[in-house]
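Trainee:
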Amino acid sequence: MENETLMTICSRRGIRSFTGEAVSREDLMKIFKAGMAAPSAVNTQPRSFVVVTKREVLDELCATLPYANMLDRAGAAIVVCGIPDKDEIYSRKYWVIDCSAATENILLACYALGLGAVWTAVYVDEERIRNVRKILNVPETISPLNVIPVGVPKEKGAPINKFREDNIHWERW
Ligand SMILES: Cc1cc2nc3c(=O)[nH]c(=O)nc-3n(C[C@H](O)[C@H](O)[C@H](O)COP(=O)(O)O)c2cc1C
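Residue numbers (full-length UniProt numbering): 1 to 173.
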């Protein structure tokens with residue numbers, strides 16, 4: 001593939017193994033810039049982010065999220081949060097979709113910067129939502145969608161080919 005952006009998109013993998021090294025603030029700001037560049041319904045941008053870099057807080061999240069145990073060696077975690085009340089019509093309906101678009105941009109930015117990252121689920125599990133809110137002091141009106149552990153990758157994820165020609169329906173299904 002000749003295009004660098006397309007190569008990044010097609011070879012990104014979820015990374016679950018980190019060295020434990022810190023992630024620089026400079027890299028985190030680049031990652032947020034990418035996240036906030038994502039599209040959202042009527043450009044309402046119903047999203048906000050909590051970034052966690054302190055080991056004790058990463059450990060608290062790790063202890064409460066059953067499928068995020070890679071947090072124990074992550075350098076940081078980004079919690080993508082929705083703001084359903086940002087707009088009466090569009091944000092209520094579309095915050096999950098809008099935050100998912102931001103999440104994908106974040107995952108791609110991490111990969112482009114040589115960092116590892118993986119989407120770990122918070123929403124739609126009520127208990128996880130409650131626990132993440134409690135640990136991070138997130139208000140009731142804000143909805144944590146996921147926790148993205150970010151770190152220096154310990155191993156490289158081999159690209160997997162998910163392309164399926166039979167998933168494409170030309171003109172009509
Ligand atoms: C909505 C959603 C929830 C996910 N939750 C988790 C999770 O809790 N823990 C985890 O390790 N991976 C989680 N993943 C990552 C997927 O397992 C991963 O993206 C999938 O296996 C494809 O692998 P890839 O990202 O390397 O292409 C989640 C992904 C999505 C989109």
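Where a beta carbon is used, it is the ideal one built from N, C-alpha and C, also for glycine. What you are looking at is a predicted structure, and each value in this text was computed from that prediction instead of being measured.
1. For the alpha helix (DSSP H) that contains ILE9, what are its first and last residues?
2. In terms of alpha-carbon separation, which member of TRP170, TYR111, GLU56 and VAL124 lies closest to LYS156?
3. What residue does the beta strand (DSSP E) around ASN105 start on, and which one ends it?
4. Between the alpha carbons of LYS162 and ILE106, how many angstroms are there, rounded?
5. Would you mind sorting VAL23 into buried or exposed? The rule is 16 or more other CB atoms within 10 Å of its CB.
6. Looking at the strands, I want to know which residues DSSP matches up with SER143.
7. Less than 7 Å between the CB of VAL118 and some heavy atom of ligand 1, yes or no?
8. Cβ atoms of ALA109 and ILE31: under 8 Å apart, would you say?
9. Determine the closest residue to GLN45 out of PRO84, SER11, VAL152 and GLU165, with distance taken between C-alpha atoms.
10. Is it buried or exposed for TYR67, if we count other Cβ within 10 angstroms and need 16 for buried?
11. Please state whether DSSP places residue 207 in a helix, a strand or coil.
12. I need the boundaries of the beta strand (DSSP E) containing VAL52, first residue and last residue.
13. Among all the DSSP beta bridges, which residues are the ones paired with ALA76?
14. Measure from the alpha carbon of PHE18 to the alpha carbon of each residue in LYS154, ARG164 and GLU171, then state which is nearest.
15. Can you give me the Cβ contacts of ASN69 inside the same chain, cut-off strictly under 8 Å, excluding the 5 residues immediately before and after it?
Mentor: According to the data block:
1. Mapped onto the sequence shown, residue 9 falls at position 9. Segment 4–11, the alpha helix (DSSP H) holding ILE9.
2. Residue mapping note: residue 156 aligns to position 156 of the sequence shown, counting from 1. Selected option, being the one with the closest Cα: TYR111.
3. Translated into positions along the sequence shown, residue 105 becomes position 105. Careful: ASN105 lies outside any beta strand (DSSP E), inside the alpha helix (DSSP H) at 90–112.
4. The sequence position of residue 162 within the sequence shown is 162, counting from 1. The sequence position of residue 106 within the sequence shown is 106, counting from 1. When rounded, the distance between both Cα atoms is 20 Å.
5. Along the sequence shown, read from residue 1 onward, the residue named residue 23 stands at position 23. Result: buried.
6. Here residue 143 corresponds to residue number 143 of the sequence shown, with the count starting at 1. In DSSP, SER143 forms a bridge with GLY82.
7. Position 118 of the sequence shown, counted from the first residue, corresponds to residue 118. Under cutoff, so the answer is yes.
8. Indexing the sequence shown from 1 puts residue 31 at position 31. Indexing the sequence shown from 1 puts residue 109 at position 109. The answer is yes: Cβ separation under 8 Å.
9. As a position in the sequence shown, residue 45 is number 45, starting the count at 1. For GLN45, the nearest C-alpha among the options comes from PRO84.
10. As a working mapping, residue 67 is identified with position 67 in the sequence shown. Exposed, by the Cβ-count rule.
11. In the structure as shown, the chain starts at 1 and stops at 173, and residue 207 therefore has no counterpart that could be examined.
12. Within the sequence shown, numbered from 1, the residue matching residue 52 stands at position 52. It spans 47–52 - the beta strand (DSSP E) in which VAL52 sits, taken as one unbroken run.
13. Working through the sequence shown from its first residue, we reach residue 76 at position 76. Its beta-bridge partners are VAL150.
14. Taking the first residue of the sequence shown as 1, we reach residue 18 at position 18. It is LYS154.
15. Within the sequence shown, numbered from 1, the residue matching residue 69 stands at position 69. Result list for ASN69: CYS62, in chain order.
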